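Chemist: Chain order of the listed sequences is D and R. According to the numbering used here, the first sequence is numbered sequentially starting from 1154. According to the numbering used here, the second sequence is numbered sequentially starting from 1154. Glycine included, C-beta positions come from ideal geometry on N, C-alpha and C. Note that the structure is predicted; figures quoted are calculated from it, not measured.
There are 2 protein chains.
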Amino acid sequence: MKELSVNGNNTARSVLSLLSEARLCFATAESCTGGLIGQMITALPGSSEIYAGGVISYSNDVKMKVLSVRKETLERFGAVSEETAGEMSEGVSKLTDADIAVSVTGIAGPTGAVPGKPVGTVCFGLTTKKDTKTYRKQFGENKTRDEIRALAADFALSLVLEAGKELS
Amino acid sequence: MKELSVNGNNTARSVLSLLSEARLCFATAESCTGGLIGQMITALPGSSEIYAGGVISYSNDVKMKVLSVRKETLERFGAVSEETAGEMSEGVSKLTDADIAVSVTGIAGPTGAVPGKPVGTVCFGLTTKKDTKTYRKQFGENKTRDEIRALAADFALSLVLEAGKELS
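1. Considering only residues of the stretch 1220-1249 of chain D, which uninterrupted alpha helix (DSSP H) runs meet the minimum length of 4 residues and lie entirely inside it, listed in chain order?
2. Any chance the stretch 1181-1201 of chain D sits against the stretch 1231-1243 of chain D, with 3 or more Cβ pairs inside 8 Å?
3. For chain R, is any of its Cβ atoms less than 7 Å away from the one on Tyr1211 (chain D)?
4. Might you give, ordered along the chain, the residues of its own chain that have their beta carbon closer than 8 Å to the beta carbon of Ala1175 (chain R), omitting 5 neighbours on each side?
5. Assuming Leu1189 (chain R) contacts Arg1302 (chain R) under a Cβ cut-off of 8 Å, what Cβ separation, rounded to an integer in Å, is found between them?
6. Three Cβ pairs or more, each shorter than 8 Å: is that satisfied between the stretch 1213-1225 of chain D and the stretch 1191-1200 of chain D?
7. Here's a check: name, in chain order, each residue in its chain whose Cβ is nearer than 6 Å to the Cβ of Gly1262 (chain D), leaving out the five neighbours to either side.
8. Does the structure place the stretch 1247-1258 of chain R close enough to the stretch 1273-1284 of chain R that three or more beta carbon pairs sit under 8 Å?
9. Can you list, in chain order, the residues of the stretch 1202-1231 of chain R whose Cβ is nearer than 8 Å to any Cβ on chain D?
10. Mind checking who Lys1286 (chain R) pairs with in its DSSP beta bridge?
11. Give a yes or no on whether the minimum CB-CB distance between Leu1304 (chain R) and chain D is below 7 Å.
12. With 16 other CB atoms within 10 Å as the buried threshold, where does Val1159 (chain D) fall?
13. Ignore the nearest five residues each way along the sequence and tell me which others in Gly1191 (chain D)'s own chain have a CB closer than 8 Å to its CB.
14. Assign Phe1179 (chain R) to one of three DSSP states: helix, strand, or coil.
15. For Gln1192 (chain R), go through chain D and note every residue whose CB falls closer than 7 Å to its CB, in chain order.
16. Could you give the DSSP three-state label for Lys1137 (chain D): helix, strand or coil?
17. For Lys1283 (chain R) and Glu1235 (chain R), what's the separation of their Cα atoms in angstroms?
18. Using beta-carbon positions only, say whether Thr1186 (chain D) and Asp1307 (chain D) come within less than 7 Å of one another.
19. Which bits of chain D does Leu1314 (chain R) rub up against, with CB to CB less than 9 Å?
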């Protein structure tokens, strides 16, 4: 898994290539991946053309204050929910005006599991000028923190790739 | 250099240990490291206690709009300057209310060098409730992008560590 998280992976390279060609740019709102997606894409020279940046909203405070996630959403659905993920991607979309905004919030472990949300549960938001979609994945309770984060980052980048294909 | 950027390094572990003990938390504003510092610290379980999150201000737009870096500062001194770095750490300090805020803006290469600022030039800002300090380092023109980013992330974490020692 190490290769995934160091020098960008194939998905990151595909995102760079497709968005450069289509002249689109994207932004990130990362909770459990904590900057991993940003680091994977910016490891690639040329990424400044297609990556605006984003917010690492590790605390709920930053989710609310910087990304405008509503307190009621966090209280009712929890930080790891499709509802929160959707507000995160909408928040960073507004902040950066990027064509595509992706968000990740999940339980990377080893602790943090709650009833109905075991370790490995990760939610995603994807906002374009058209709409916001949300996703929920279970990457496996027995995976390590590093593995779950790498899989989550890769899935988020694959969402950006799909959105880029649709928009271009 | 790979070990540095994957699972956090010794500096990241020292930051986690010291800030946990002292009940302090920090935030990041990353340009050329693009999320690497956030990813290094959040790779460590328990980091949510001491890391609020931050902003990946890869574009100048995000530097201005999210971190309140002044347009005049960017025009007069450039994105890679101690002046911009200081406004970045002050900006993320205000956004997150963290005890310690650190910023990084530099030229990781292979392109992007300008007269007087070769590849490897990286500026840092460090804001605490007390004051803001800025730093400029030259990590070496012949280093790779990965190496420069890893060295910059490590130096930023060492600044957080020093500030944490002072505050605790």
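Modeler: Based on what the coordinates show:
1. You should have 1224-1230, 1235-1249.
2. Yes: at least three Cβ pairs fall under 8 Å.
3. Position 58 of the first sequence, counting from 1, holds the residue named residue 1211 (chain D). Yes, Tyr1211 (chain D) lies at the interface with chain R (some Cβ there is under 7 Å from its Cβ).
4. To locate residue 1175 (chain R), count along the second sequence from 1; it is residue 22. The beta carbon of Ala1175 (chain R) sits closer than 8 Å to the beta carbons of Gly1317, Leu1320, Ser1321 from its chain, once the five residues preceding and following it are set aside; these are given in chain order.
5. Here residue 1189 (chain R) refers to the residue found at position 36 when the second sequence is read from its first residue. Here residue 1302 (chain R) refers to the residue found at position 149 when the second sequence is read from its first residue. Contact holds; Cβ gap of about 6 Å.
6. Taking a cut-off of 8 Å on C-beta distances, the stretch 1213-1225 of chain D does not touch the stretch 1191-1200 of chain D, as fewer than three cross pairs fall below it.
7. By 1-based counting over the first sequence, the position of residue 1262 (chain D) is 109. Non-local beta-carbon contacts of Gly1262 (chain D) in its own chain, meaning distances under 6 Å to residues more than five positions away in sequence, involve Val1272, Arg1298 in chain order.
8. Pairwise C-beta distances place the stretch 1273-1284 of chain R in contact with the stretch 1247-1258 of chain R, as three or more of them are shorter than 8 Å.
9. Here the close residues are Tyr1204, Ala1205, Gly1206, Gly1207, Val1208, Ile1209, Ser1210, Tyr1211, Ser1212, Asp1214, Val1215, Lys1218, Val1219.
10. As a working mapping, residue 1286 (chain R) is identified with position 133 in the second sequence. The bridge partners DSSP lists for Lys1286 (chain R) are R:Leu1279.
11. One-based indexing of the second sequence puts residue 1304 (chain R) at position 151. Taking CB atoms only, Leu1304 (chain R) has no neighbour in chain D less than 7 Å away.
12. Against the first sequence, residue 1159 (chain D) aligns to sequence position 6. In this prediction, Val1159 (chain D) scores a pLDDT of 43, lower than 50, which makes its location untrustworthy; no coordinate-derived value is stated.
13. Sequence index remark: in the first sequence, residue 1191 (chain D) carries index 38 (1-based). Cβ within range, chain order: Thr1181, Glu1183, Tyr1204, Gly1206, Gly1207, Ile1209.
14. Here residue 1179 (chain R) is taken as the residue at index 26 of the second sequence, counted from 1. Of the three classes helix, strand and coil, the one that applies to Phe1179 (chain R) here is strand, per DSSP.
15. As a first step, residue 1192 (chain R) is located in the second sequence; it is residue number 39 there, counting from the start. Result: Gly1187, Gly1188, Leu1189, Gln1192.
16. Lying outside 1154 to 1321, the shown extent of chain D, residue 1137 (chain D) is not represented and no answer is given.
17. Position 130 of the second sequence, counted from the first residue, corresponds to residue 1283 (chain R). Position 82 of the second sequence, counted from the first residue, corresponds to residue 1235 (chain R). Rounded to the nearest angstrom, the gap between the Cα atoms of Lys1283 (chain R) and Glu1235 (chain R) is 18 Å.
18. Here the question's residue 1186 (chain D) lines up with position 33 in the first sequence. Here the question's residue 1307 (chain D) lines up with position 154 in the first sequence. Contact: no.
19. Here residue 1314 (chain R) refers to the residue found at position 161 of the second sequence. In chain order: nothing, as chain D lies at least about 18 Å away.
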